[in-house]
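Under the working numbering, the first residue of the sequence shown is numbered 7, with each subsequent residue one higher. Backbone N, C-alpha and C define an ideal beta-carbon position, used for all residues, glycine too. Remember, it's a predicted structure, so these values are computed and weren't measured experimentally.
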Amino acid sequence: MLQGYDEQSLSEQTRKQNDMHSLSLDSVLEAVRQLRRALIKKGKATDLFSQLRGDGLESAIATIVQSFGNEFFYPNVASRAAHLLYFGVLRTSPRKTA
7 MLQGYDEQSL SEQTRKQNDM HSLSLDSVLE AVRQLRRALI KKGKATDLFS QLRGDGLESA
67 IATIVQSFGN EFFYPNVASR AAHLLYFGVL RTSPRKTA
């Protein structure tokens with residue numbers, strides 16, 4: 007999906023998926039810790055990788071499970087994953103100051 011986004015050839019993922027599991031902040035943080043350890047071990051990341059800033063990750067997780075009228079805003083795993091990545095990058099990137 008990321009490659010499709012980069013190449014501007016991404017098709018919208020609208021298929022509803024009813025068997026999605028909820029994410030918890032604890033399970034996401036554990037997955038990030040495991041990824042961090044693996045990347046540091048391979049020399050692909052440093053201690054700066056995955057440093058949290060505020061409640062951005064928790065907020066992003068809450069955002070991808072929102073619904074209205076029994077319809078999820080992000081109706082499948084693909085759209086949730088893409089938006090979680092987008093929100094994570096957007097909300098955790100340093101802001102440029104004038």
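- Within a 10 Å sphere around the beta-carbon of residue 28 sit fewer than 16 other beta-carbons, which makes this residue exposed.
- Looking from the CA of residue 61, the closest CA among 88, 32, 72 belongs to 32.
- The residues 72, in chain order, have a CB closer than 6 Å to that of residue 79 in the same chain once the five nearest residues on each side in sequence are set aside.
- Boundaries of the alpha helix (DSSP H) harbouring residue 40: 31 to 47, taken from the DSSP string.
- Around the beta carbon of residue 85, 16 or more other beta carbons sit within 10 angstroms, so the residue counts as buried.
- DSSP, reduced to helix, strand and coil, places residue 65 within a helical segment of the structure shown.
- Counting the other CB atoms within 10 Å of its CB gives residue 88 a total of 16 or more, which places it among the buried residues.
- At a Cβ-Cβ threshold of 9 Å, residue 41 and residue 56 count as neighbours.
- According to DSSP, residue 77 shares a beta bridge with 74.
- DSSP, reduced to helix, strand and coil, places residue 85 within a helical segment of the structure shown.
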